[in-house]
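Residues 271 to 742 in our numbering are what the sequence shown lists, from first letter to last.
For reference, the structure discussed in these notes is given below.
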Amino acid sequence: RLLSQLPDVFRRSKYHPTAYVRIDTREVLRFVTDQKAEPLGLAVDIGTTTLAGYLCDLKTGRLLASDAQLNPQRTYGADVISRIEQAMAGHQTELQRVLAQAIGELTHRLLRQIDRIAAPDDLLNRVAHVVLTGNTVMMHLLTQLPPDAIARTPFIPVSVAAQTRTAAELGLPLEQDTICQLMPSIAAYVGADITAGLIATGLSSQGHQQQIALLIDIGTNGEMVLSTPNGRIACSTAAGPAFEAANITCGLGGVRGAIDRVTVEENDLVWTVIGGETPGETPAGLCGSGLVAAIASFLKAGLIDETGRITDEPELLPESLARRVRTVDGQRLVMITERGLNGEPVFLSQKDIRELQNAKAAIAAGVLLLLEKAGLEPERVDTVYIAGGFGNYLDIEDALAIGLLPPVFRGRTRSAGNTAGMGALACLLQQSWFGDAAETARTVTYFELSAEKRFTDLYIEGMMFPEPPDQD
Numbered sequence: 271r272l273l274s275q276l277p278d279v280f281r282r283s284k285y286h287p288t289a290y291v292r293i294d295t296r297e298v299l300r301f302v303t304d305q306k307a308e309p310l311g312l313a314v315d316i317g318t319t320t321l322a323g324y325l326c327d328l329k330t331g332r333l334l335a336s337d338a339q340l341n342p343q344r345t346y347g348a349d350v351i352s353r354i355e356q357a358m359a360g361h362q363t364e365l366q367r368v369l370a371q372a373i374g375e376l377t378h379r380l381l382r383q384i385d386r387i388a389a390p391d392d393l394l395n396r397v398a399h400v401v402l403t404g405n406t407v408m409m410h411l412l413t414q415l416p417p418d419a420i421a422r423t424p425f426i427p428v429s430v431a432a433q434t435r436t437a438a439e440l441g442l443p444l445e446q447d448t449i450c451q452l453m454p455s456i457a458a459y460v461g462a463d464i465t466a467g468l469i470a471t472g473l474s475s476q477g478h479q480q481q482i483a484l485l486i487d488i489g490t491n492g493e494m495v496l497s498t499p500n501g502r503i504a505c506s507t508a509a510g511p512a513f514e515a516a517n518i519t520c521g522l523g524g525v526r527g528a529i530d531r532v533t534v535e536e537n538d539l540v541w542t543v544i545g546g547e548t549p550g551e552t553p554a555g556l557c558g559s560g561l562v563a564a565i566a567s568f569l570k571a572g573l574i575d576e577t578g579r580i581t582d583e584p585e586l587l588p589e590s591l592a593r594r595v596r597t598v599d600g601q602r603l604v605m606i607t608e609r610g611l612n613g614e615p616v617f618l619s620q621k622d623i624r625e626l627q628n629a630k631a632a633i634a635a636g637v638l639l640l641l642e643k644a645g646l647e648p649e650r651v652d653t654v655y656i657a658g659g660f661g662n663y664l665d666i667e668d669a670l671a672i673g674l675l676p677p678v679f680r681g682r683t684r685s686a687g688n689t690a691g692m693g694a695l696a697c698l699l700q701q702s703w704f705g706d707a708a709e710t711a712r713t714v715t716y717f718e719l720s721a722e723k724r725f726t727d728l729y730i731e732g733m734m735f736p737e738p739p740d741q742d
């Protein structure tokens, strides 16, 4: 194929063509006519809700651009089970098509960031290598593998192996011979995004991790891995979409105008919004971190009790807080503001609080059971990494206040950002990491929570909120 291109390449480059060559394999990836055109690499994290892309210079390793956009498959369902059902109903080809098209659109936006003059199509020839990661269902849908077995006991995917394809084989609107590497998954509900996260946090096989560390992706699937000097074990828990503010009456994604922080100051609620400059700006709704912060503040203020029940005795609270407790159409709620950006009130209902309780109980139970499986007490954990976009905005004190994490994790927990994207980027820039990803995924021991009777007990316990500390 490349040999057939040489005559034309030589003429167009005035007999001085440039070749993109992989250092590790000495394989010629592509000929280009512009000697100054450095090869570009693309890393993509295919999330159920969001696609995140990273464009880098493969020669220097410098990150040139990053961007994100919503996954267009959302129109077929907010969660992976809905998408599996749609695929099995005859829409799998369309699910793959819209995903591939979105990756192409994301690539164009990244290219536009590095060169606002040249047309993105003219720059596509420079994208020589792509690494993709995501949860197991997203990887199946991208490669058009049947995902139905993932939704049925015993939850066995068609493949969790690393793959190397061309853009043509994946239907990506890139140069058709572009090498595309798909990172390996661990299990049906612990995907390649977690494998990439282990790479990014130094918890992979190559990382030689000597500490005891926990990686938690607080999202719909609640994936988590415990890394010890003796090995790694993983599980996932169906937390649901509450941490993404889905199924919340006034919930929003992490977009401009969404409440991201709530505190209690001078006996009243004070909030900030994404993109805002001062506290108390008119909100459009609540994002996931705002939801957690609001409920932590409600607990502190006495608006709800340890069971999550909105108080029946608001008259015992300061007037500024008591007036926020309402009953509307038979629904108990806590009013944040009576007029949001769209003219509608922003509030949390009793049902919204229960949604958060279910989600946090699932995560908390998963963490404790994972530690029990390893024979460890929470005190033995040295570091806890909170992965994903949600972790970037989550206040760790709020997470502790609602019982999402054990109290002993205070001071040991850090937000790690999009570890999936960073891990994919590492594999793009250093191929030895891609090999390490396969070894890491292969050696992680996975256990299914649904088969554990102990999980139900821990889940029920986790529905309760911790008793807030006494207020002086």
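Ideal placement from N, C-alpha and C gives every residue a C-beta, glycine not left out.
Remember, it's a predicted structure, so these values are computed and weren't measured experimentally.
Could you tell me which of the options sits nearest to residue i, measuring between CA atoms?
{"i": "Phe660", "options": "Gly317, Arg602, Ile730, Cys697", "result": "Gly317"}
{"i": "Ser455", "options": "Met408, Leu522, Asp447, Ser559", "result": "Met408"}
{"i": "Leu452", "options": "Asp418, Ile469, Leu444, Ala432", "result": "Ala432"}
{"i": "Glu608", "options": "Ala629, Gly550, Arg396, Leu485", "result": "Gly550"}
{"i": "Ile458", "options": "Leu539, Pro416, Lys329, Val540", "result": "According to the sequence provided, residue 458 is Ala. The question's Ile does not apply to it. Comparing Cα positions, the closest option is Pro416."}
{"i": "Arg602", "options": "Gln627, Ser590, Leu573", "result": "Leu573"}
{"i": "Ile488", "options": "Val637, Pro739, Gly360", "result": "Val637"}
{"i": "Leu611", "options": "Arg353, Leu496, Ala554, Gln414", "result": "Ala554"}
{"i": "Leu485", "options": "Ser559, Asp665, Ala686", "result": "Ala686"}
{"i": "Asn500", "options": "Val525, Ala516, Leu473", "result": "Leu473"}
{"i": "Ser816", "options": "Thr653, Thr465, Ala421, Arg344", "result": "Beyond the ends of the chain as shown, which are 271 and 742, falls residue 816; an answer cannot be given."}
{"i": "Ala462", "options": "Thr406, Val604, Gly311, Lys570", "result": "Thr406"}
{"i": "Gln476", "options": "Leu376, Ala708, Leu699, Val428", "result": "Ala708"}
Can you tell me whether DSSP reads residue i as helix, strand or coil?
{"i": "Ser720", "result": "helix"}
{"i": "Ala348", "result": "coil"}
{"i": "Gln446", "result": "coil"}
{"i": "Ala388", "result": "coil"}
{"i": "Gln481", "result": "coil"}
{"i": "Ala338", "result": "strand"}
{"i": "Phe679", "result": "helix"}
{"i": "Ser685", "result": "strand"}
{"i": "Tyr729", "result": "helix"}
{"i": "Cys697", "result": "helix"}
{"i": "Asp582", "result": "coil"}
{"i": "Ala398", "result": "strand"}
{"i": "Phe301", "result": "strand"}
Would you check whether the ligand NAD has a heavy atom nearer than 7 Å to the C-beta of residue i?
{"i": "Leu273", "result": "Ligands are entirely absent from the displayed structure, and the ligand NAD is therefore not among its contents."}
Mark residue i as exposed unless 16 or more other C-beta atoms lie within 10 angstroms of its C-beta, in which case mark it buried.
{"i": "Glu514", "result": "buried"}
{"i": "Met358", "result": "exposed"}
{"i": "Arg300", "result": "buried"}
{"i": "Ala289", "result": "exposed"}
{"i": "Glu547", "result": "exposed"}
{"i": "Ser702", "result": "exposed"}
{"i": "Arg502", "result": "buried"}
{"i": "Asn537", "result": "exposed"}
{"i": "Glu625", "result": "buried"}
{"i": "Ile730", "result": "exposed"}
{"i": "Val269", "result": "A query on residue 269 cannot be resolved here, the shown segment of the chain reaching from 271 to 742 and no further."}
{"i": "Lys329", "result": "exposed"}
{"i": "Thr363", "result": "exposed"}
{"i": "Val651", "result": "buried"}
{"i": "Gln481", "result": "exposed"}
{"i": "Ala631", "result": "buried"}
{"i": "Ile606", "result": "buried"}
{"i": "Gly681", "result": "exposed"}
List the endpoints of the continuous beta strand (DSSP E) containing residue i.
{"i": "Phe617", "result": "616-619"}
{"i": "Val595", "result": "595-598"}
{"i": "Gly360", "result": "From DSSP, Gly360 is part of no beta strand (DSSP E); its letter is neither H nor E."}
{"i": "Glu535", "result": "528-535"}
{"i": "Thr235", "result": "Nothing in the structure corresponds to residue 235, since the chain is present only between 271 and 742."}
{"i": "Thr542", "result": "538-543"}
{"i": "Thr498", "result": "493-498"}
{"i": "Ile605", "result": "Sequence inspection shows Met at residue 605; the Ile mentioned does not correspond to that position. 601-607 is the span of the beta strand (DSSP E), which, as asked, contains Met605."}
Provide the residue span of the alpha helix (DSSP H) that contains residue i, from first to last.
{"i": "Val428", "result": "No alpha helix (DSSP H) holds Val428; DSSP gives it neither H nor E."}
{"i": "Gly560", "result": "558-571"}
{"i": "Glu589", "result": "589-592"}
{"i": "Gln701", "result": "701-713"}
{"i": "Ala671", "result": "666-671"}
{"i": "Phe660", "result": "659-663"}
{"i": "Thr465", "result": "462-470"}
{"i": "Val407", "result": "406-413"}
>> Using 8 Å as the cut-off, can you tell me whether the region 440-451 makes contact with the region 676-684, which would need three or more C-beta pairs spanning the two stretches below that distance?
In response: No contact exists between the region 440-451 and the region 676-684.
>> I'd like to know if the region 502-511 and the region 712-720 are in contact, where contact means that at least 3 CB-CB pairs between them fall below 8 Å.
In response: Output reads yes: the region 712-720 touches the region 502-511.
> Just checking, does the region 612-626 make contact with the region 577-597 on the three C-beta pairs under 8 Å criterion?
Replying inline: Result yes; three or more Cβ-Cβ pairs closer than 8 Å.
>> For the region 376-383 against the region 331-338, do three or more pairs of beta-carbon atoms, one drawn from each stretch, fall closer than 8 Å, so that the two count as touching?
In response: With three or more CB-CB distances shorter than 8 Å, the region 376-383 counts as touching the region 331-338.
> Is it a yes or a no for the region 515-535 touching the region 689-702, going by three-plus beta-carbon pairs under 8 Å?
Replying inline: Output reads no: the region 689-702 does not touch the region 515-535.
>> If contact is defined by three or more beta carbon pairs under 8 Å, each pair taking one atom from either stretch, is the region 529-544 in contact with the region 561-577?
In response: Result yes; three or more Cβ-Cβ pairs closer than 8 Å.
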